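Written below as structure tokens is the structure these notes are about.
Protein chains: 2
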Amino acid sequence: MQETHYSLSPIGILHSPLKEREEAPNQGREGAPNAWLEVNAQVSAGLEGIAVGDEIIVITWLHKAGRDTLKTHPRNDETAPLAGVFATRSPDRPNPLGLHRVKVLSITGERLQVGPIEAIDGTPVVDIKPVLLQSADA
Amino acid sequence: MQETHYSLSPIGILHSPLKEREEAPNQGREGAPNAWLEVNAQVSAGLEGIAVGDEIIVITWLHKAGRDTLKTHPRNDETAPLAGVFATRSPDRPNPLGLHRVKVLSITGERLQVGPIEAIDGTPVVDIKPVLLQSADA
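Chains as they are written, first to last, in numbering that gives the first Met the number 0: chain V, 0 to 137; chain Y, 0 to 137.
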């Protein structure tokens, strides 16, 4: 295949009490804190219609991840057999996109308080989408 | 904020009977066909552990989308009030990432048959993730 690349620009950034990757739980529901998602002023018109109480999907760029990993021990368990990264949620993968289903807890201008979320402080956000179905979404 | 960009490389491509954006339903569950996801040989080791019957999340790069749209009529309904793109699943958005929860129907080498999926023929795939919970997953 030809060498193609797409350019992703952050639409915002996460402010979280989690400062290091080592502190972060594997998944939001495993004791992660809430965080503030600060949306860039240039794209904040895109937030219209998002309300407190909504469930949304935040897509992040896991900027501390390695991109050369194709096999990993799921959940960092060295005793587990190696699995392909596409069969796991490892942050280390060719395109380190993170998917986080969170609740909107409060909204202040261009900042959404969301959680729980396992991404660390300073993680770039590249998209936000609504959850479509409670039971079988994305 | 500073002008930052991240570079996304396709990990594969979709082969679908849907050839034009106008033919595609809004969501996979709205009558979309199955498609073949052909994974690049360089990253196909990352598929290990994915099995027929699995539910996976395919993340696409919606290459026909416009990136300058911040408000849209949901579901192309001109009578609906304008909403921010982050409150909709519109393909037109600053970073045109598509999220598709699909079932793996068959596997032939580096090709996964998946569906139903509303993305059109030739859509680049940038990530694949497992569904973690049937009821509440990102």
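Idealized CB from N, CA, C, for every residue including glycine. Note that the coordinates shown come from a computational prediction; the quantities given were computed from them, not determined experimentally.
- Rounded to the nearest angstrom, the Cβ distance from Leu-36/V to Val-57/V is 7 Å, consistent with a contact under 8 Å.
- Val-38/V has its alpha-carbon roughly 24 Å from the corresponding atom of His-62/Y.
- The beta carbon of Gly-65/V sits closer than 7 Å to the beta carbons of Asp-91 from its chain, once the five residues preceding and following it are set aside; these are given in chain order.
- The beta carbon of Pro-115/Y is closer than 8 Å to those of Gly-27, Arg-28, Gly-30, Ala-31, Pro-32, Asn-33 and Val-101 in its chain, skipping five residues each way along the sequence.
- One Cα belongs to Gly-48/V, the other to Arg-74/V, and the distance between them is close to 36 Å.
- In this structure, His-4/V lies away from Ser-43/Y, with their beta-carbon atoms at least 8 Å apart.
- At least one beta carbon of chain V lies nearer than 8 Å to the beta carbon of Lys-70/Y.
- Looking at the DSSP output, Asp-126/V bridges to Ile-58/V.
- Judged by DSSP secondary structure, Glu-37/Y falls within the beta strand (DSSP E) whose first and last residues are 34-38.
- With a cutoff of 8 Å on beta-carbon distance, Gly-45/V and Gly-83/Y are scored as near each other.
- Judged by DSSP in its simplified three-state form, Ala-86/V adopts helix.
- Chain-order list of chain Y residues neighbouring Val-113/V: empty, with the shortest C-beta distance near 12 Å, by a criterion of under 7 Å.
- The C-alpha of Leu-104/Y lies about 20 Å from the C-alpha of Gly-97/Y.
- At a C-beta separation below 7 Å, Ser-6/Y has these neighbours in chain V: His-4 and Ser-6.
- Per DSSP, the continuous beta strand (DSSP E) segment holding Thr-107/Y begins and ends at 96-107.
- Assignment of Ser-43/V by DSSP, reduced to helix, strand and coil, places it in the helix class.
- Following the DSSP letters along the chain, one finds Gly-11/Y inside the beta strand (DSSP E) bounded by residues 11-14.
- Ranking Gly-11/Y, Gly-121/Y and Gln-41/Y by CA distance to the CA of Thr-68/V puts Gln-41/Y first.
- By the beta-carbon neighbour count (other beta carbons within 10 angstroms, threshold 16), Glu-21/V is exposed.
- Counted as a single uninterrupted DSSP element, the beta strand (DSSP E) harbouring Leu-7/V occupies residues 5-7.
- For the stretch 10-31 of chain Y, the residues whose beta carbon sits under 9 Å from a beta carbon of chain V are, in order, Ile-10, Gly-11, Ile-12, Gln-26 and Arg-28.
- By the CB criterion at 8 Å, Asp-126/Y and Ile-10/Y fall inside the cutoff.
- Inter-residue distance for Asp-120/V and Glu-19/V is about 8 Å (C-alpha atoms, whole angstroms).
- Separation of Thr-59/Y and Thr-122/Y (C-alpha to C-alpha, rounded to the nearest whole angstrom) is 7 Å.
- Looking at the backbone, the Cα of Leu-17/V and that of Leu-17/Y are separated by about 43 Å.
- Taking the Cα positions, Pro-95/Y is about 10 Å away from Ser-6/V.
- Interface annotation, Glu-47/V: in contact with chain Y, CB-CB separation under 8 Å.
- Using beta-carbon distances, Arg-88/Y counts as an interface residue toward chain V, with a partner under 8 Å.
- In the three-state reduction of the DSSP assignment, Arg-66/V falls in the coil class, being assigned neither a helical nor a strand state.
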